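Undergrad:
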Amino acid sequence: MSKTIFLTGVLWLALFPAHTAMGAREEIIKARMEASVPDTTPGAREEAVGRAQVEIVADVLKSTLSSEHFALVKSLLDQAIRYIRTTQLLRFDTRDGFVRVEIECYVRRGDILKDAAALLLARTPVPPSVLVVVAEPAGDSPATTDARGTASAAISEALKDRGFEIAPIEQVQICHSDDEIISAALGDNAAAARFAKERFADVVVLGKADVSIAPEEGSLNVMVGAANVTLRLFRASDGKLVDSFAAEALVHGTDAGASTQAALQDACAKIAGDIQVAAAIAAGGTRPSEDVVITIENPGPEDRVREVMKTAASFVGQEPELLVYTERLARILIPYNGAMTPLLDTLVQQKYLDAGIEIRRAIQRNVQMRFTP
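Just add 19 to wherever you are in the sequence shown, counting from 1, and you've got the numbering used here.
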């Protein structure tokens, strides 16, 4: 016989992260939930408590994932009890033929998100793409001028190992100078969000790494290399700052350069797992994009690009957005969820300030084009 179950919304009461021996976040939340089930069996109270526990875990997932991505990880609810650290029964009563309970639980939110991230990466047809820009000193210079050094490589490799697609820094350099890229990595959250929304990848990791070297106290030959890494993770679809990370490391050695590089790699390793989880959750936090992104190489005058946007607007019935415009590249976001062939046929059949346009490559809803004489 089917049963009717009534639930109220979850109430988050506390949030406090801890760290395991491996450096990964063990994030615990305290939450309350009410549930009611028909009073038809001796085990009705336990059933109501179990249902409330499931709904607490479900709310953790629903608060971070889109409905489409939640469907991919919903099977985690089958063993929701494993994410409940403790449960206290606050209220229990029977009236009008229903058993009603209110519980308070300590919930392993970090483990929920870690498992959700693993399922998302395994079940998402197209792996999320990530752009990593970590500004760090170049060579012996103390200036933070290198966006392709040890830290960027270490974080990128960790993400690649988990199945992410790594967006090459070279595609960003088509649009921005190295100074502009470094400024985005070091800038405030508003500037970083604008950079992330240029859609170089689904997720953008920005930050900086500092290193220092000093002699070991009391030693004639041993040096101590120190590294400090601070990173921010943004979602490209809306520029939201999803999470931030920081780690430090010390390495003793006789070679100053080797010690600082090893410290930098150790610091990145401490937060690599957290970044992997956050990147998967960030990519799953919005509905799969149906927008069309058109990249035009060597676009020429901006007016010509604007003419392409007008043609696209007349076809889709909405105004496109110019994400990037430089002498070497323009990128247009077109809000459109229809078939690609009619849209692209319309664009290539027109002239734009006496120039035609052709398709160089099209992968799903990302299209590279160029103007022709």
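Note that CB positions come from ideal geometry on N, CA and C, so glycine has one too. Predicted model, so just to flag it, every value in this text is computed and none were measured.
So, using beta-carbon positions, are ALA135 and ASP221 closer together than 8 Å?
TA: no
Undergrad: Tell me where the alpha helix (DSSP H) around ILE122 begins and ends.
TA: Premise fails: ILE122 lies in the beta strand (DSSP E), 117-127, not in any alpha helix (DSSP H).
Undergrad: Spell out the partners DSSP gives PRO57 in its beta bridges.
TA: Note: PRO57 sits in a beta bridge opposite PHE117.
Undergrad: Let me know if GLY336 comes out buried or exposed under the rule of 16 or more other beta-carbons within 10 Å of its beta-carbon.
TA: exposed
Undergrad: Ignoring anything shorter than 4 residues or poking outside the region 250-316, list the alpha helix (DSSP H) runs there in chain order.
TA: 275-302
Undergrad: Output yes or no for whether 8 Å exceeds the beta carbon distance between LYS216 and ALA186.
TA: no
Undergrad: Terminal residues of the continuous beta strand (DSSP E) containing LEU348?
TA: Where LEU348 is concerned, the enclosing beta strand (DSSP E) stretches over 348-353.
Undergrad: Assign PHE390 to one of three DSSP states: helix, strand, or coil.
TA: Strand at PHE390.
Undergrad: Which term fits ALA37, buried or exposed, when burial requires 16 or more other beta carbons within 10 angstroms of its beta carbon?
TA: A caution first: ALA37 carries a pLDDT of 46, below 50, which makes its placement in the model unreliable, though a value can still be read off. Result: exposed.
Undergrad: Going by CA-CA distance only, name the one from VAL243, ILE313 and VAL296 that's closest to LEU283.
TA: VAL243
Undergrad: DSSP on THR83, reduced to helix/strand/coil?
TA: coil
Undergrad: I'd like to confirm something about LEU252: is its beta-carbon nearer than 7 Å to some heavy atom of the ligand MN, or not?
TA: What this structure holds is no ligand at all, so the ligand MN is not there to describe.
Undergrad: Any idea if LEU184 is buried or exposed, counting beta-carbon neighbours within 10 angstroms, 16 or more meaning buried?
TA: Note on residue identity: the sequence assigns Glu, not Leu, to residue 184. Taking every protein chain shown into account, the CB of GLU184 has fewer than 16 other CB atoms within 10 angstroms, so this residue is exposed.
Undergrad: Any chance the region 315-329 sits against the region 268-278, with 3 or more Cβ pairs inside 8 Å?
TA: no
Undergrad: Does the contact criterion of 3 or more C-beta pairs under 8 Å hold for the region 331-351 versus the region 166-185?
TA: no
Undergrad: Does DSSP classify ALA246 as helix, strand or coil?
TA: strand
Undergrad: Quick one: Cα of PRO146 to Cα of ALA90, how far?
TA: 17 Å
Undergrad: Check for me: the beta strand (DSSP E) holding LYS227 runs from which residue to which?
TA: Looking at the DSSP string, the run of the beta strand (DSSP E) that includes LYS227 is 222-234.
Undergrad: In whole angstroms, what separates the C-alpha of ALA358 from that of LYS49?
TA: 46 Å
Undergrad: So is GLY69 buried or exposed if we call it buried at 16+ other beta carbons inside 10 Å?
TA: buried
Undergrad: Any chance you could list the alpha helix (DSSP H) runs of at least 4 consecutive residues sitting entirely within the region 171-201, in chain order?
TA: For the region 171-201, whole alpha helix (DSSP H) runs of length 4 or above, ordered along the chain, are 188-192.
Undergrad: Using 8 Å as the Cβ pair cut-off and three pairs as the minimum, do the region 58-77 and the region 120-127 touch?
TA: Taking 8 Å as the limit for Cβ pairs, the verdict is that the region 120-127 does touch the region 58-77.
Undergrad: For the structure I just gave you, are there three or more beta carbon pairs, one from the region 188-199 and one from the region 285-292, closer than 8 Å?
TA: no
Undergrad: Confirm, please, whether the CB-CB distance from LEU366 to ILE376 is below 8 Å.
TA: Yes, they are a contact pair.
Undergrad: Report the three-state DSSP secondary structure of VAL145 (helix, strand or coil).
TA: coil
Undergrad: Pair every Cβ in the region 257-274 with every Cβ in the region 92-103, then say whether three or more of these pairs are closer than 8 Å.
TA: no
Undergrad: So is VAL149 in contact with chain C if we call contact Cβ pairs under 8 Å?
TA: Here there is only one protein chain, and chain C is not present.
Undergrad: Return the chain-ordered list of same chain residues with a C-beta closer than 6 Å to the C-beta of ALA246, the five sequence neighbours on each side being excluded.
TA: Here the set comprises VAL230, ALA268, ALA282, LEU283 and ALA286.
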